[in-house]
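In the working numbering, the protein residues as written are 420 to 819.
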């Protein structure tokens, strides 16, 4: 491949090792045959799940960014993207990289090529086609000392191969910012956000001036004990867990299992973070599951028309028999937090509908009936920052 960063002035380019000192937001960097694969779960946690959906979600680097200080006017990043193709579905755009300079969005770009995963949702089969490493290029950067961040695509597994610059780069100095550790579903992962630095957790973190570690996993916020242990063992000053949507759209639990699972998840986090502010967030408004249980399924009529849309396949009458809906989960989470807060003064609760409620759906409907669009991500992020980071969770809503 003809790469101008490798052209006549090779000796002018400086290659910087990709380590945890410059790669932020990942819990582990796995050495691969061609580079480093950022993981948002450690190897021990990954070994305790055989679920392909979680494996794909945790390897997609939502919230992961390369962050350095430099005077460089040009940067090059070699990566190996992993593209997804859904058989019979609409084509997916290439993953987007955000370049932010001193906190401001300066440029965006994509990397073509890479490996391809072709997924057949009708039978669950996956076909892997290997591809070539690509190069991301950013030039014309201001020639001054500056903080440069390259946010990796939030929805595209990405191996990091090499970082090169026209001037020395160094890790960011300690800025005394608090670390926010968040866990949630595809909404937190960033489904349908415009770009990696504009998912609602990324937007909220920027507004709250905190370091983000985003453990939002599409289709995989299921109260798994190994995720709770990963959170227990991850340094953090502020912690939040968004619970409920995946449990309903997978029809995974009944109330008998749900309550103890929530308690156990929170107990495990508290083993490593005894007094850190801990926020439990219930689901945002999602009409298909407010009163109708799961499982959720693709709408075949929409797929036939080349669009992606979800529908609930449960029966509202089954709620009395113990099936979960979003309304049931909100009531149970509020009860659990109120009960635990009598002995845990740093435990908080916020109703997800305060971030995106029924009126918001009328104004900004969920395009596929399940995931927020770019404008809604911004609204959720702004509301979260206002409610939560003005006082490091102290201003979050009751009950407590």
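Backbone N, C-alpha and C fix where the C-beta goes; we use that ideal spot for every residue, glycine too.
Since the structure is predicted, the reported quantities are computational estimates derived from the model, not experimental observations.
{"Asked": "Would DSSP call residue 690 helix, strand or coil?", "Found": "helix"}
{"Asked": "Can you give me the Cβ contacts of residue 580 inside the same chain, cut-off strictly under 7 Å, excluding the 5 residues immediately before and after it?", "Found": "453, 454, 497, 498, 499 and 552"}
{"Asked": "Please determine if the region 472-486 and the region 626-643 are in contact, where contact requires at least 3 C-beta pairs separated by less than 8 Å.", "Found": "yes"}
{"Asked": "Counting along the chain, where does the alpha helix (DSSP H) carrying residue 745 start and finish?", "Found": "745-760"}
{"Asked": "Within a Cβ cutoff of 6 Å, which residues of the same chain sit near residue 645, ignoring the five residues on either side of it in sequence?", "Found": "464 and 467"}
{"Asked": "For residue 762, tell me which candidate among 780, 735 and 694 has the shortest Cα-Cα distance.", "Found": "694"}
{"Asked": "Thinking just about the alpha-carbon of each residue, which of 518, 604 and 640 is nearest to the one in residue 571?", "Found": "518"}
{"Asked": "Considering only the alpha carbon of each residue, which of 495, 597, 622 and 487 lies closest to residue 794?", "Found": "622"}
{"Asked": "Using 8 Å as the threshold, is the region 431-444 in touch with the region 475-489, meaning 3 or more CB pairs across them?", "Found": "yes"}
{"Asked": "Relative to the alpha-carbon of residue 611, which residue among 709, 797, 809 and 801 has its alpha-carbon at the smallest distance?", "Found": "797"}
{"Asked": "Under the DSSP definition of a beta bridge, which residues are partnered with residue 633?", "Found": "601"}
{"Asked": "Work out the CA separation of residue 706 and residue 643 for me, nearest whole Å.", "Found": "26 Å"}
{"Asked": "Does residue 568 pass the burial test, meaning 16 or more other C-beta atoms within 10 Å, or should it be called exposed?", "Found": "buried"}
{"Asked": "In angstroms, rounded to a whole number, what distance separates the CA positions of residue 749 and residue 663?", "Found": "8 Å"}
{"Asked": "If you draw a straight line from the alpha carbon of residue 807 to that of residue 542, how long is it in whole angstroms?", "Found": "42 Å"}
{"Asked": "For residue 729 and residue 520, what's the separation of their Cα atoms in angstroms?", "Found": "38 Å"}
{"Asked": "What's the gap between the Cα of residue 576 and the Cα of residue 661?", "Found": "23 Å"}
{"Asked": "Closest by CA to residue 772, which one among 786, 709, 721 and 584?", "Found": "709"}
{"Asked": "What does the alpha-carbon distance come out to for the pair residue 740 and residue 803?", "Found": "34 Å"}
{"Asked": "Assign residue 607 to one of three DSSP states: helix, strand, or coil.", "Found": "helix"}
{"Asked": "Let me check one thing: in DSSP terms, what residues is residue 498 bridge-paired to?", "Found": "553 and 579"}
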